[in-house]
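Asks:
Number of protein chains: 2
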Amino acid sequence: MSQTSAKSARTPAPPPAHELIYRRLRDMVLFGDLAPGDAVTIQGLSQNLDAGVTPVREAIRRLIAEGALEFQGNRRVCVPETTPEHIDEFVAARQWLDTQMMRRATRKASESDRQALAKIDKALDTAIQQNDIRAYLEHNFQFHQMIYDLSDTPILAGMAEGLWLRFGPMLRVVCSRIGALDLPDRHKEILQAMDAGDEEAAAAAIWEDVTQGMDQARAALSD
Amino acid sequence: MSQTSAKSARTPAPPPAHELIYRRLRDMVLFGDLAPGDAVTIQGLSQNLDAGVTPVREAIRRLIAEGALEFQGNRRVCVPETTPEHIDEFVAARQWLDTQMMRRATRKASESDRQALAKIDKALDTAIQQNDIRAYLEHNFQFHQMIYDLSDTPILAGMAEGLWLRFGPMLRVVCSRIGALDLPDRHKEILQAMDAGDEEAAAAAIWEDVTQGMDQARAALSD
DNA sequence: CAGCTGACAATTTGATCATATTGTTGGGTC
DNA sequence: GACCCAACAATATGATCAAATTGTCAGCTG
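From first to last, the protein sequence lines are chains P and Y. Quick note on the working numbering: the first sequence kicks off at 1 and runs consecutively. Quick note on the working numbering: the second sequence kicks off at 1001 and runs consecutively.
1) Provide the residue span of the alpha helix (DSSP H) that contains Pro16(P), from first to last.
2) Considering Cα atoms alone, identify which of Cys78(P), Asn74(P) and Ala51(P) is closest to Leu63(P).
3) Pull up the DSSP beta-bridge partners for Glu1070(Y), would you.
4) Suppose the cutoff is 6 angstroms on Cβ atoms and the five residues either side in sequence are ignored; what does the same chain contact list for Gly1168(Y) look like?
5) CB Phe1141(Y) to CB Asp1121(Y), shorter than 8 angstroms?
6) Would you check if the distance between the CB atom of Lys119(P) and the CB atom of Asp152(P) is smaller than 8 angstroms?
7) Taking its Cβ as the centre, do 16 or more other Cβ atoms sit within 10 Å of Ala1196(Y), making it buried, or is it exposed?
8) List, in order along the chain, the chain P residues whose C-beta lies closer than 7 angstroms to that of Gly1067(Y)?
9) Specify, as a first and last residue, the run of the alpha helix (DSSP H) that Gln212(P) falls within.
10) Below 8 angstroms between beta carbons: does that hold for Arg1076(Y) and Ala1039(Y)?
11) According to DSSP, which residues form a beta bridge with Val40(P)?
12) How long is the line joining the alpha carbons of Asp36(P) and Val173(P), rounded to whole angstroms?
13) Which of the residues in the stretch 1078-1109 of chain Y, read from start to end, lie with their CB under 9 angstroms from any CB of chain P?
14) How should Gln192(P) be labelled, buried or exposed, when 16 other C-beta atoms within 10 angstroms of its C-beta is the threshold for buried?
15) Could you work out which residues of chain P lie near Ile1155(Y), taking near to mean beta carbons separated by less than 8 angstroms?
16) Taking 8 angstroms as the threshold (C-beta atoms), are Ala203(P) and Arg103(P) in contact?
17) For the alpha helix (DSSP H) that Gly1052(Y) lies in, which residues bound it at each end?
18) Using beta-carbon positions only, say whether Met146(P) and Ala123(P) come within less than 8 angstroms of one another.
19) What are the residues in the stretch 1049-1067 of chain Y lying within 7 angstroms of chain P by C-beta distance?
20) Would you decide whether Met1001(Y) is buried or exposed? Buried here means 16 or more other CB atoms lie within 10 Å of its CB.
21) Would you identify the three-state DSSP class for Glu1058(Y), choosing helix, strand or coil?
22) With H, G and I counted as helix, E and B as strand and the rest as coil, what does DSSP make of Thr4(P)?
23) Kindly indicate which residue of Ile60(P), Gly73(P), Ile42(P) and Asp125(P) has the alpha-carbon position closest to the one of Pro1015(Y).
Put into structure tokens, the structure is as follows:
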């Protein structure tokens, strides 16, 4: 009764519009709805997403700051193209970041954490069986992101997520062109190592996972 | 004569206002004009910097995205406080990033590159002698940033610069409270190793430099 | 037929304004 | 004297608009 606004009684924090737009655009980049080289305009997206110009502008700015989009000098914004040199940097950075966080996650994960992770992996397998690339990419990202969260190292996690944002479009290209979904599943090894509390085995497994994925990207890039 | 605009004949790319504001705010964060915990408001900065509201808003958004500022839930934005756990992440990340890039920079630097680097280091020494903290911080940043540039790994460089942005305010606190400027100068070792083309020596030197600086921060943090 | 020039269209940019939400302060009551 | 409530002030948000800039295309000239 003391609630002043009659709109909705319990809305603790209505997410701002620019935040929502940002997340939608972010997902579009992450899961390959936007291909490398695609041009994006504020007005175009504004109409396409049925949103105001202001939130779209801010979301684009933020994505540019994070490297998910590229400011093409003259006033053109597009999804960046990935070069082989970039891939080398991705590989090196993710090999380090992911193994680092994997060790900590193995140390810190509780029983229910591991179950939740296994559940994501299950959904991932389902997506593979159904050949649903979009779902595969989403669950794969969730899997790794959960490891980042479990490691409880927000700064490293932020760096890693920035990397995902940068090679998201590339991943879609990889998956579209190659079958790429029928490889030895490192995720199972990761789960086993975590259950056993074996940090080094988990780190080795995720190292393989990262390297494997990146090799695919490299192969797809060189046609 | 064919120039349509009479304003200025040869302005290839007039930098947008939000870019300028961003850089000013960035420097303020990077060089300690804003202390950890300081609150920032759009209107306040708008008046303080004598700029429109729109560019300031976008610049703040960008800095939040990069982790240089923090969105405090209720609509308050402030300079993030650094915790000991954060420092641990900084140390680990920079030890890896800086050594990685240092090796490549050593391999790629030309004679004139090394001279330019030495020149920055000279200016840094001057700042130390004059006890000019601001100049010290600026030149120190320039020194490391040039190494990043020389390494020609833009993605890793971006990650490292993001880290600098996050612990910039902390650095100022460190320098203010401790003398901190009279330590064995690793920069000289770095320059020597680069001249000798010794990647590993350069990497070891910068590892020490990073570790040393971070130890200072840790010490300052625990009072 | 090719190259250049001029005008038009599309887009970004930055300011201004209406609105909503939140923190705060002053007054009243128990 | 302490606590609660209401009004106010400050701030962020998002839409709208004017201005400037740039890419593009048609038409003209050599």
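We put the CB at the ideal spot given by N, CA and C, even for glycine.
Replies: Here's the rundown:
1) Run containing Pro16(P): none; DSSP gives neither H nor E here.
2) Cys78(P)
3) Cys1078(Y)
4) Val1029 and Leu1030
5) no
6) no
7) exposed
8) Gly158
9) Glu199 to Leu221
10) yes
11) Val77(P)
12) Here residue 36(P) turns out to be Pro, not Asp, going by the sequence shown. C-alpha separation (whole angstroms): 9 angstroms.
13) Glu1085, His1086, Asp1088, Glu1089, Phe1090, Ala1092, Ala1093, Trp1096, Leu1097 and Gln1100
14) exposed
15) Gly67, His86, Glu89, Phe90, Ala93, Leu163 and Arg166
16) yes
17) From DSSP, Gly1052(Y) is part of no alpha helix (DSSP H); its letter is neither H nor E.
18) no
19) Glu1058, Arg1061, Arg1062, Ala1065, Glu1066 and Gly1067
20) Model confidence at Met1001(Y) stands at a pLDDT of 35, short of 50, so the residue's coordinates are unreliable; what they give is reported in the following sentence. Exposed, by the Cβ-count rule.
21) helix
22) With a pLDDT of only 34 at Thr4(P), under the threshold of 50, the placement of this residue in the model should not be trusted, and no figure is reported.
23) Gly73(P)
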